[in-house]
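Visitor: 864 is the number that the working numbering gives the last residue of the sequence shown; the numbers go up by one with no jumps.
Below: one structure in structure tokens.
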Amino acid sequence: MNTHSPLLRGRDLISPTIAALISVIVNYGGTFILVFQAAKAAGLSPEMTASWIWSISIGVGVTGIWLSYRYREPIITAWSTPGVAFLVSVLGITPYPEAVGAYILSAVGFIILGLSGMFERFVRLIPPGIASGLLAGILLQFGISAFGGAKLDPWLVVLLFGSYILLRRFTSRYAIVGILLIGLVYLISTGKADFSTVRLAVASPVLVMPEFTLHSALGVALPLFVITLTGQYMPGMLVLRNDGFKTSANPILAITGLGSLLAAPFGSHAFNVAAITAAICTGKDAHEEASKRYIAGIVCGILYITVGIFGVTLAALFLILPSTFIATLAGLALLGTIGGSLASALADPSGRETALITFLATAANVTLLGVGGAFWGLVAGLAAHLLMHGKLRGKRSKLSEAQPAQSER
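Here's what the structure looks like:
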């Protein structure tokens, strides 16, 4: 995309800012509890836990701001959610300095992969129907969760859904900000979210000297690398491509890998291009003009840095929000992306069946050998495509549309 942004007006900032706010809320409120669980498994002190939050939030914020500003695209970065889920099970049996050493080795792996260009070449081989089917399968559970919360809090879900429909009818551009504000007013007025106990406190980084062992390299670094690559980078790049953004994966891998390397001694396990929360910022709801959606990436970065500075305090604030509210908000914000992905997946009659296989296999979300459903959905789709058509691509796909100059960035 053009590296020179058109003139921005005040109203151009509203939708991207709200999309970024929702993305950050969903990220902290939805999966960040895993960081606390992993910290507890490792026996970390409150200070070291706060340092983990500080390092990963600051790192995600800085890399997201730089990438979004440099390439004028909404390149949202985030911590590795499948990675931290994996760490919950291994930090209890791995000395923390060795785990930090494993984080460093994993980060070096991403830097090397980004500089080599191998990942981008693989991504270019994927047919567009399979790419869209994979993305639709990943997002499906979030769309279902938008309504599944009615079992726990039917009035909240009905209120958010009804408000969304009405706002889409009369002021489509501000539908998401509307349900966000309506939902917060409802939660506060009914006492379902109490922010009165939240107190701001600045977090301080704690340096941990890493230790490198063969056990941690094979038992922590290698699985963390593979899980993050297949569970975060692949779907994250597909989110960007699905909405027409063409920056090569190479600089994204290299920059996030470098950021992870610098942040690792302070507790950060890994960060990468975001997938689910990125989709909130890359679609039309973030801004009608694709050239102005990069604002959402910059605002996300600013919000992440703010949370990082105040550490556990603001993370706890996001955790106060009920899970039903977060799930419904995320699902409604992703409706357009889910619909667009399904339409793209089924658009080509010749590849419709393999795209559908990818979609269903991914949506099943089966974990095998410690690797999540997104990877196996992709494997199923590619295997079916190869057996049915004998090759991966017959013509250029969405994932290969980056210009040569962009691929070198």
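We put the beta carbon where it would ideally sit given N, CA and C, even for glycine.
Note that this is a predicted model, so its numbers are computed, not measured.
Going by CA-CA distance only, name the one from I757, T626, G588, K606 that's closest to L801.
Guide: Nearest of I757, T626, G588, K606 to L801, Cα basis: G588.
Visitor: Identify the continuous beta strand (DSSP E) that holds A658 and give its terminal residues.
Guide: Unbroken run through A658: none, as it is neither H nor E.
Visitor: What is the DSSP secondary structure of I508, counted as helix, strand or coil?
Guide: In the structure shown, I508 sits in a helix (DSSP, three-state: H, G or I).
Visitor: Looking only at DSSP bridge pairs, what is N727 linked to?
Guide: According to DSSP, N727 bridges with A533.
Visitor: In whole angstroms, give me the CA-to-CA distance for G832 and P690.
Guide: Straight-line Cα distance between these residues: approximately 11 Å.
Visitor: Cα-Cα, which of Q687, S512, G674, F565 is closest to I760?
Guide: Out of Q687, S512, G674, F565, S512 has the C-alpha closest to the C-alpha of I760.
Visitor: To which residues of the same chain is I567 closer than 7 Å at the C-beta, ignoring the five residues directly before and after it?
Guide: No residues qualify anywhere along the chain.
Visitor: Would you mind reading off the limits of the alpha helix (DSSP H) that contains M664?
Guide: No alpha helix (DSSP H) holds M664; DSSP gives it neither H nor E.
Visitor: On the CB-based measure, 16 or more other CB atoms within 10 Å of its CB, does E502 come out buried or exposed?
Guide: So E502 counts as exposed.
Visitor: Output the boundary residues of the alpha helix (DSSP H) element that contains P678.
Guide: That run of the alpha helix (DSSP H) goes 677-683.
Visitor: With H, G and I counted as helix, E and B as strand and the rest as coil, what does DSSP make of L742?
Guide: Reading the sequence as shown, one finds His at residue 742 and not Leu. In this structure, H742 counts as coil in the three-state DSSP scheme.
Visitor: Taking DSSP as the reference, what is the three-state secondary structure of T792?
Guide: DSSP places T792 in helix when its eight states are reduced to three.
Visitor: Taking the alpha-carbon positions, what's the L615 to S500 distance?
Guide: Distance between the alpha carbons of L615 and S500: 39 Å.
Visitor: Which residues mark the beginning and the end of the alpha helix (DSSP H) in which L590 is found?
Guide: Segment 583-603, the alpha helix (DSSP H) holding L590.
Visitor: Looking at C-beta atoms only, is the number of pairs between the segment 726-737 and the segment 526-541 that lie closer than 8 Å three or more?
Guide: The segment 726-737, when compared against the segment 526-541, does touch it at the 8 Å Cβ threshold.
Visitor: Could you pull the start and end residues of the alpha helix (DSSP H) that G564 belongs to?
Guide: First-last of the alpha helix (DSSP H) with G564: 551-571.
Visitor: Under 8 Å, with one C-beta from each stretch per pair, do the segment 669-682 and the segment 713-720 reach the 3-pair mark?
Guide: No: the two stretches stay apart, fewer than three of their Cβ pairs being nearer than 8 Å.
Visitor: Assign K647 to one of three DSSP states: helix, strand, or coil.
Guide: Coil.
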